[in-house]
Structure formats: C-alpha cells, structure tokens
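Accompanying notes for the structure given below.
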Amino acid sequence: MAIKQTRNPVVINGMYRSGTSIFWRILSSDPVYKYRFYEPLHEELPVLSEQHAAMKSIREIPEIMEYWSHKFNYEKIKMGREEKFPLLKQYLEKILVNNSITKFTRIGLRCSWIRDRFPEVFFINLIRDPRAVCHSYLRRASKEYFLEGISDYKDIIRRIQYLIKYDKRFLPISFGIDFLKQRGRFATKKRKCHSIYCYQEYLDLLKDDSDWADAVEYSRTKFPPIRILILWKINTIQMLKDMQTIPGNMQITIRFEDFVEKPKKTIEEIYRKANFLEVPSEIINEVYHDSSKLENIGTTHHYDKKITKDMIHKWKKYDRSLWREHLEEAQIIDLMKFLGYTP
Numbered sequence: 151m152a153i154k155q156t157r158n159p160v161v162i163n164g165m166y167r168s169g170t171s172i173f174w175r176i177l178s179s180d181p182v183y184k185y186r187f188y189e190p191l192h193e194e195l196p197v198l199s200e201q202h203a204a205m206k207s208i209r210e211i212p213e214i215m216e217y218w219s220h221k222f223n224y225e226k227i228k229m230g231r232e233e234k235f236p237l238l239k240q241y242l243e244k245i246l247v248n249n250s251i252t253k254f255t256r257i258g259l260r261c262s263w264i265r266d267r268f269p270e271v272f273f274i275n276l277i278r279d280p281r282a283v284c285h286s287y288l289r290r291a292s293k294e295y296f297l298e299g300i301s302d303y304k305d306i307i308r309r310i311q312y313l314i315k316y317d318k319r320f321l322p323i324s325f326g327i328d329f330l331k332q333r334g335r336f337a338t339k340k341r342k343c344h345s346i347y348c349y350q351e352y353l354d355l356l357k358d359d360s361d362w363a364d365a366v367e368y369s370r371t372k373f374p375p376i377r378i379l380i381l382w383k384i385n386t387i388q389m390l391k392d393m394q395t396i397p398g399n400m401q402i403t404i405r406f407e408d409f410v411e412k413p414k415k416t417i418e419e420i421y422r423k424a425n426f427l428e429v430p431s432e433i434i435n436e437v438y439h440d441s442s443k444l445e446n447i448g449t450t451h452h453y454d455k456k457i458t459k460d461m462i463h464k465w466k467k468y469d470r471s472l473w474r475e476h477l478e479e480a481q482i483i484d485l486m487k488f489l490g491y492t493p
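Just add 150 to the spot in the sequence shown (first one is 1) and you have my numbering.
Spelled out as structure tokens, the structure:
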C-alpha cells in the first residue's frame, strides 16, 4: 500500500537551455505529485495549455488561467523581497500548492521575492556550463532561422552575422521589448507566435537595474553569443545571491553535468536534502528509459530524450580557442571556476 505524503511545493529553477525540461520530466514522475506545472509564466500559455501535453495540470484546473497575465513574462523580471507584484502573487498562490512540482525559466531573478511570499517552497536550482547553454541556443536558433544543415560553430556565427545585417527575421537581435509584449497579446487571442528565446530583450529589461545596468550596457556592443553568456552570468550570480537568503534545508543547487553523469545519485541527494521519502521506482525508470510516450509529457523535442553523455559534450566539438575568447569577453572565467567548470 502506497504511503500518502503531503509534500511542500517544489520549484525547479534554471535558465533557458539549462536542462530544466528533461529534469522536470523525470522528477515529476514521482506519483506523490498531484500537480505538475510546466512554465506557468510563459507568455503564450493560453495557446500552449490547449496544445501541449506537458500542460495537463493547467487544463485540469481551468480557473488558473483567470489569474494569468502575459505581463508576468516581462514586468519586474528582477524583484527583491520588498517589491510589490500582487497579480503575480495571486497567480502563484494557485500554482505553488502542496504536492506540486513546477518548472520555471522565468523566475531566476525573483527567487528571494518568491521565498518571502511562499516560504514553504523547496527550490531546486539547475546550473549548466555556459558554453553548453550558448551552444544549445545557437543550435535551436539554427533550426528556426534558416540555418539548417550548418553544423560548424564558426559557420553558425558567420550566418548569424549575415542575418543581423540583412534579415530582420532574426528576432532575438532585431526586436525590442515590444516584441515580448506583442507575443503575449497574440497568445491571448489564441494565435500561436513563433517560438523564440529573446536573450537581448531580457537583458534590456535590466538596463535601469542598479545591479546590472553596467553589464547590460556592456552587452550592447557585443556579438550575440557574448550576450547569451552575459545573461547566463546575471542569472547565475543573482540566483546564488538569492539562495543566501533561503535556509539551506529549503534549497539545493546542482549542475546539469553532474545530473547527466550520475542521475540516480543526484536525485537521491535531492531527496535527502528535501527530507522526502526514498526515490520511487517511477523516477528510476524515467532516468534509464526513453519516455517519449509518457502521458504527462508528450513527444516534443528536448524533454522526451533519453539522458546521454552527449548532452554535456556537444559544445566541445567546436573550436576551444573561440569559446575561450567568448568567455573572456563575457567576463565569466572566475564564475565558471567557482562553479567547478574548467574554462
């Protein structure tokens, strides 16, 4: 007979392309979770909640959408404990409930604010090698912006340079914050917008922030991969800073690479830290089997993959000297070393 548990809400927090989707897929297979929320702050949630199998919990509680706003994606993306955002608080009260697990890529600069209002939340923070994040983004962009078939990192860079100069369809570079707002408005009208990760737009949202205005200004003259690395730096430093305000027994920070190398050991470490019962067999099965047909996930690209070592080595196929130049220009060498990465 299964033991019934009441578990505090669990939040998986990480930057885009950090492995949060596959990580959420595996952890959410624990049968103790009644609610499995996937990107509830997404600016296209009204559309995704109808089409996307991972949004099953949103569909099962339709009244949640009455509290959602596309503004959650771009207003006050960085908040301290004293900030006011009553609409977001009201919405998250419907999401961050007992026996729920929620995956976010839009709260990295809001963790202390969430902790202050939802002290019962257990945070799982996922960090990934910034070179892998950057490479993953560029590969993703290559599929969406007419870069198909280009496998060499330098060739992708050259193609991006061309797009910036001649092709305004390369949205992460050409569009401003109005595009983020526009996407949200379109989504509320049930119109599917083109998938995109707007790194420069999120940097621009911090242009007046006392902590990060200088970094944003520095990024303006930099090549897109450098901007991605700078945003990684901002998210990582702010997350580490916010975690200092949260009790150690209510958080854990792990590297995606450690999870891929030793998934079972990493998950067991999380369960011990959170004082959960032992890791259920459902999660172990998820780790070692292809889960592309799971009911609560669906079969869409990145999170239905099996865990393979290739996930952490793809960026290494390209020129290491070029990566080193990028890391130095983004000024993240010391931070990487602190996190255990070899630049």
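The beta carbon of each residue, even a glycine, is placed where N, CA and C say it ideally should be.
Treat the numbers as computed from the prediction; the structure is a model and nothing was measured.
Exercise. List the DSSP bridge partners of glycine 128.
Key: Past the edges of the chain, shown from 151 to 493, lies residue 128, and the structure says nothing about it.
Quiz item: Taking the C-alpha atoms as reference points, what is the distance between lysine 467 and tyrosine 241?
Solution: 43 Å
Quiz item: In chain order, which continuous runs of the beta strand (DSSP E) of length 3 or greater are located wholly inside the segment 205-265?
Solution: 250-254
Quiz item: So who's on the other strand from tyrosine 421, going by DSSP bridges?
Solution: For tyrosine 421, which the question treats as bridged, DSSP gives no partner whatsoever.
Quiz item: Between aspartate 180 and glutamate 428, is the Cβ-Cβ spacing less than 8 Å?
Solution: no
Practice problem: Given a cut-off of 8 Å, decide if phenylalanine 254 and isoleucine 162 are closer than it, judged by their beta-carbon atoms. | Solution: yes
Practice problem: Please list the segments of the beta strand (DSSP E) lying wholly inside the segment 381-418, counting only runs of 3 or more residues, in order along the chain. | Solution: 401-405
Quiz item: With respect to the alpha helix (DSSP H) encompassing tyrosine 368, which residues constitute its N-terminal and C-terminal limits?
Solution: 363-369
Quiz prompt | Buried or exposed by the 16-neighbour rule on C-beta atoms within 10 Å, applied to histidine 463 | solution = exposed
Quiz prompt | Residue closest to tryptophan 465, alpha-carbon to alpha-carbon, out of Gly230, Pro493, Asn385 | solution = Pro493
Practice problem: Put phenylalanine 426 into one of helix, strand or coil per three-state DSSP. | Solution: coil
Quiz item: Under a Cβ-count criterion, where at least 16 other Cβ atoms within 10 Å of its own Cβ denotes burial, should isoleucine 501 be classed as buried or exposed?
Solution: For residue 501 there is no data in the structure shown, the boundaries of the chain being 151 and 493.
Quiz item: In the DSSP assignment, what residue or residues form a beta bridge with arginine 186?
Solution: Ile251
Quiz prompt | Helix, strand or coil at proline 159 according to DSSP, with G and I counted as helix | solution = coil
Quiz prompt | Beta-carbon contacts of phenylalanine 235 that lie in its chain and below 8 Å, excluding the five residues immediately before and after | solution = Glu225, Lys226, Met229, Trp263
Quiz prompt | Euclidean distance between Cα positions of serine 441 and tryptophan 382 | solution = Note that serine 441 scores 47 on pLDDT, short of 50, meaning its location in the model is unreliable; the coordinates nonetheless yield the value given after this. One C-alpha to the other measures close to 29 Å.
Quiz item: What number of angstroms, rounded off, separates the C-alpha of serine 286 from the C-alpha of aspartate 460?
Solution: 12 Å
Quiz item: What number of angstroms, rounded off, separates the C-alpha of asparagine 435 from the C-alpha of aspartate 361?
Solution: 43 Å
Quiz item: Under 8 Å, do lysine 372 and isoleucine 402 count as touching if we go by C-beta distance?
Solution: no
Practice problem: Could you work out which residue in Lys221, Glu419, Glu232, Tyr185 is closest to arginine 209 when comparing CA atoms only? | Solution: Tyr185
Quiz item: Just how far apart, CA to CA, sit phenylalanine 222 and glutamate 213?
Solution: 17 Å
Quiz item: For the candidate residues Pro375, Met400, Arg231, whose alpha-carbon lies nearest to that of arginine 474?
Solution: Pro375
Quiz item: Under a CB-based cut-off of 8 Å, is lysine 456 close to chain D?
Solution: No chain D appears in the structure shown, which is made up of a single protein chain.
Quiz item: Taking DSSP as the reference, what is the three-state secondary structure of histidine 463?
Solution: coil
Quiz item: Alpha carbon to alpha carbon, what distance is there between isoleucine 251 and isoleucine 274?
Solution: 10 Å
Quiz prompt | C-alpha distance - arginine 370 paired with asparagine 425, whole-angstrom precision | solution = 44 Å
Quiz item: Taking C-beta to C-beta, are threonine 395 and isoleucine 404 nearer than 8 Å?
Solution: no
Quiz item: Are isoleucine 380 and leucine 353 close, meaning C-beta to C-beta below 8 Å?
Solution: yes
Practice problem: Measure the Cβ-Cβ separation of phenylalanine 272 and valine 182 and say whether it is below 8 Å. | Solution: no
Self-check item: Local conformation of threonine 458 per DSSP, three classes
Solution: coil
Self-check item: Candidates Lys206, Leu238, Glu233: closest to serine 133 by CA position
Solution: Only positions 151 to 493 of the chain appear in the structure, and residue 133 is not among them; the question remains open.
Exercise. Confirm, please, whether the CB-CB distance from phenylalanine 406 to serine 207 is below 8 Å.
Key: no
Quiz item: Are the CB atoms of lysine 412 and valine 437 nearer to each other than 8 Å?
Solution: no
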